[in-house]
Structure formats: C-alpha cells, structure tokens
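Per the numbering used here, the very first residue in the sequence shown carries number 76; after that it's consecutive.
C-beta: ideal position from N, C-alpha, C; glycine also.
Model, not experiment: these values are computed from the prediction.
Worksheet: one structure, shown below.
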Amino acid sequence: MTCIGWGKIILLGEHAVVYGYPALAAALDRGVTIAPVATPAGGSLRVDVPAWSLKASAADDHPVARCLAVIADGLGVGRPSVSLLGDAQIPPGAGLGSSAALAVAIARALLVHARRRESVTEITHAAAASEALMHGKASGVDVALAVAGGMGVFRKTTGLRAFPSPPLRVLVGPSGSPRSTAAMVDRVAQATSEVVDDARLRELGALTDIGTTALLAGDLAGLGAAMDRAHALLAGLGVSTAQLDSLCDVARVCGAHGAKLTGAGGGGAVIAIAPRDREQAILTEWKNAGVTGFVATVRGKS
Ligand code: PMV
76 MTCIGWGKII LLGEHAVVYG YPALAAALDR GVTIAPVATP AGGSLRVDVP
126 AWSLKASAAD DHPVARCLAV IADGLGVGRP SVSLLGDAQI PPGAGLGSSA
176 ALAVAIARAL LVHARRRESV TEITHAAAAS EALMHGKASG VDVALAVAGG
226 MGVFRKTTGL RAFPSPPLRV LVGPSGSPRS TAAMVDRVAQ ATSEVVDDAR
276 LRELGALTDI GTTALLAGDL AGLGAAMDRA HALLAGLGVS TAQLDSLCDV
326 ARVCGAHGAK LTGAGGGGAV IAIAPRDREQ AILTEWKNAG VTGFVATVRG
376 KS
C-alpha cells in the first residue's frame, strides 16, 4: 500500500498567512508517496526517496532523520523496523510543499505499518511537529493541504475551509534556485517588525478574498490581477528575486492573466494562470530561461 502527501501551491496569501491572514491554496495533482516495507526485527526505521537522493535512518544526525523521529514520536509508534520507500513527483525545496508532503506521507505510512486507523488529527499534529523542526514558524497551510488535498482558504485560527471549485489549470515554474522557508519567513518578520498591523500583509490578506471571489465566479482575469498585485507586494517585502520577477514578467508578456511567486520565495517556484492558447508560449519562454515548467490541474473537492 502506498501513502500520499500532496504537494501544494499557494495562489494568494503566503507570508501574510503566518500573521493570521487568509491564504488561498490548492493541492497539486502530485506529491510524495511512501510504501512501508517491514524489515527483519531489530532493523532500523528508515526512509529512502531515490528521486531526491534522500536516505536517512531515524538515529542519524540529519535533518530528515530528526523529522522522521519526531513524526514517529508524535504518533507514539516507537522505532519500528520498517523501511519507508518513497517516490516524489515534486522537486524538493521549491516552494511546492515538499517537506510537508513527505512528513504527511511518512505519518500515513507509519500508521499503516502499525495497523492503526488513519486519523487526520494525529497525522496533522505529527507532520506539523516535523515542519516546525524544518521551518520554525510555519502557518500550517502546507500540512493542511498535504493531508486533505483539494483547495480552500486556510487561516491559522480556523484551519482549512475547503470548497468545491471547477478545475483550474495553473502553470508551475520551479526556478531551480534553492531557498530556505525559515530564512524568508524571518526576512518578512524583519521587514514588518516596526508596525503592529503592516498594510502590505493586510493587503495580501484582502487579495486572498478578492481572488477567491473571482475564482469562484470563473473570473480568471480578476484572479490574475490579484496574483500580479500579490507578487508586487511580496517583492516589496524582500522575498522575490530577479529570476522570479523575470519569469513572472515573461508569463505576462506571453498573455498570462497573472503570475507570482508561490510559497516562501527567495528562489523556489512561480505560478501563472493563462488562457489555454497562451500556455505553451509561456512554457517555451520559461524553458528558454532554463526552467522546465508544467501545467497542474487543481480543483476543490465537492
Ligand atoms: O515555500 P513553502 O512551500 O515552504 O511555503 C511557505 C509558505 C509561507 O507562508 C511563507 C510560510 C507558512 O508556513 O505559511
């Protein structure tokens, strides 16, 4: 049996979501899958994801090993003799929720191995503890989407409010530039530390509401305009890069409704939404800029 944690994109509201504002996010149609394979008694608890050249045993001195241990502890399963054999359809460290997807897939696989029923609450808590180790001050949006899939508006106080929506095609461009979510979250904390209620964060939150209303009304131009404005605000907070700005500009020049960085920024990925007949031109221009993009279809579950 394979267990999944979904990758995700944030359509609107990243960083502001850490401060309690809403974010519009959607699970990708791909993520991380893990199959638990029992090993002889006395063997170690280990995870192996060849697609990311990742191998770690719970006792190792390695960030993923510490995450594995914290997830096992959160679920109260001890250190079972099991190899967690993984596959990944999203790149690591690209702003697509890879670490949350891995944590959720691991948690699900450990419960399967322990012959325990899946509990969303248990999986969420265990994966959130792993994310706290990896990223420090995480809002929880990545974990919520990695567990539930679908699409919705996430707030720290109320969690994910999922809603049904028609399929939305989103172009995703992983820039290939590494970055640290924790470092980007710190950068925004510094940029906004002088003010109690930073107007840029407040506007990012308002854009989530505007963009969600537009999406649900089928107004992709309206959603795109909100994305463009959100990118400008995120750039103003210091989390964009020249490469991310350029990938967004290229998409707009090719006719996208809108484009922005997604996730923490500082590298990672951009997203764009575009009329169907403009998609290939955008992917081609991104390819010319050294970025292999793809089209993900995201949808809210009914
Ligand atoms: O880049 P990612 O996938 O780690 O997303 C981070 C999203 C932030 O809003 C910047 C942080 C958070 O925990 O919500």
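| Quick one: any contact between the segment 257–272 and the segment 292–305, if contact means 3 or more CB pairs under 8 Å? | With contact defined as three or more Cβ pairs closer than 8 Å, the segment 257–272 and the segment 292–305 are not in contact.
| Do you know offhand how far residue 160's Cα is from residue 124's? | Taking the first residue of the sequence shown as position 1, residue 160 is located at position 85. Taking the first residue of the sequence shown as position 1, residue 124 is located at position 49. Cα to Cα, residue 160 sits roughly 6 Å from residue 124.
| Own chain residues within Cβ distance below 8 Å of residue 237, not counting five before or after | The residue you call residue 237 lines up with position 162 of the sequence shown. Hits under 8 Å: 223, 225, 226, 227, 375, 376.
| Does DSSP put residue 104 in a helix, in a strand, or in coil? | Locating residue 104 in the sequence shown gives position 29, counting from the first residue. Residue state, collapsed to three classes: strand.
| task | Measure from the alpha carbon of residue 113 to the alpha carbon of each residue in 322, 188, 283, 101, then state which is nearest. | result | For the purposes of this step, residue 113 is identified with residue 38 of the sequence shown, where counting begins at 1. For the residues 322, 188, 283, 101, the minimum Cα distance to residue 113 belongs to 188.
| query | If you scan the segment 147–200 from start to end, which runs of the beta strand (DSSP E) of 3 or more residues do you find wholly inside it? | reply | Scanning the segment 147–200 for uninterrupted beta strand (DSSP E) segments of 3 residues or longer gives 157–163, listed from N- to C-terminal end.
| Does the beta carbon of residue 188 fall short of 6 Å from some heavy atom of the ligand PMV? | Here residue 188 refers to the residue found at position 113 of the sequence shown. Residue 188: no, Cβ never under 6 Å from the ligand PMV.
| task | Assuming residue 260 contacts residue 212 (C-beta within less than 8 Å), just tell me the rounded distance between them. | result | What you label residue 260 is simply residue 185 of the sequence shown in a count that begins at 1. What you label residue 212 is simply residue 137 of the sequence shown in a count that begins at 1. Yes, they are in contact, since the Cβ atoms of residue 260 and residue 212 sit about 5 Å apart, within 8 Å.
| From residue 208 to residue 310, what does the alpha carbon distance come to, in whole angstroms? | The count along the sequence shown starts at 1 and reaches residue 208 at position 133. The count along the sequence shown starts at 1 and reaches residue 310 at position 235. For residue 208 and residue 310, the distance between alpha carbons rounds to 27 Å.
| message | Quick check on residue 302: does DSSP put it in helix, strand or coil? | response | For the purposes of this step, residue 302 is taken as the residue at position 227 of the sequence shown. Helix, per DSSP.
| query | Looking at residue 339 and the ligand PMV, is the gap between the Cβ and the nearest heavy atom below 6 Å? | reply | Taking the first residue of the sequence shown as 1, we reach residue 339 at position 264. Under cutoff, so the answer is yes.
| Relative to the alpha-carbon of residue 254, which residue among 180, 239, 168 has its alpha-carbon at the smallest distance? | Reading the sequence shown from its first residue, position 179 is the one you call residue 254. Closest option to residue 254, Cα to Cα, is 168.
| said: What does DSSP give as the partner residue(s) for residue 236 in the beta ladder? | reply: Your numbering for residue 236 matches position 161 in the sequence shown. Answer by DSSP bridge pairing, in chain order: 228.
| task | Assign residue 287 to one of two classes, buried (16 or more other C-beta atoms within 10 Å of its C-beta) or exposed (fewer than that). | result | As a position in the sequence shown, residue 287 is number 212, starting the count at 1. That one is buried.
| request: Identify the continuous alpha helix (DSSP H) that holds residue 81 and give its terminal residues. | output: The sequence position of residue 81 within the sequence shown is 6, counting from 1. Counted as a single uninterrupted DSSP element, the stretch harbouring residue 81 is not any alpha helix (DSSP H) but the beta strand (DSSP E) occupying residues 78–87.
| query | Going by the C-beta, is residue 214 closer than 6 Å to any heavy atom of the ligand PMV? | reply | Your numbering for residue 214 matches position 139 in the sequence shown. Indeed, a heavy atom of the ligand PMV lies less than 6 Å from the Cβ.
| Do residue 184 and residue 78 have their C-beta atoms closer together than 7 Å? | In the sequence shown, the residue the question calls residue 184 occupies position 109. In the sequence shown, the residue the question calls residue 78 occupies position 3. Yes, the pair counts as a contact, with Cβ atoms nearer than the cut-off.
| request: Determine the extent of the alpha helix (DSSP H) in which residue 262 is found, giving its start and end residues. | output: The residue given as residue 262 occupies position 187 in the sequence shown. Per DSSP, residue 262 belongs to the alpha helix (DSSP H) from 256–266.
| task | Could you say if the segment 148–158 and the segment 171–178 meet the contact criterion of at least three C-beta pairs nearer than 8 Å? | result | No, the segment 148–158 is not in contact with the segment 171–178.
| task | Tell me, to the nearest whole angstrom, how far the beta carbon of residue 243 is from that of residue 349; I am working on the premise that it is less than 8 Å. | result | Position 168 of the sequence shown holds residue 243. Position 274 of the sequence shown holds residue 349. Wrong, their Cβ atoms sit about 11 Å apart, outside the cutoff.
| Buried versus exposed, by CB contacts within 10 Å (16 or more), residue 362 | The count along the sequence shown starts at 1 and reaches residue 362 at position 287. Residue 362 counts as exposed, since fewer than 16 other C-beta atoms from the protein chains shown sit within 10 angstroms of its C-beta.
| Start and end of the beta strand (DSSP E) containing residue 337? | Here residue 337 refers to the residue found at position 262 of the sequence shown. In the DSSP assignment, residue 337 falls within the beta strand (DSSP E) that extends over 333–337.
| At a cut of 8 Å, does the segment 336–348 reach the segment 80–100 through at least three beta carbon pairs? | Yes, the segment 336–348 touches the segment 80–100.
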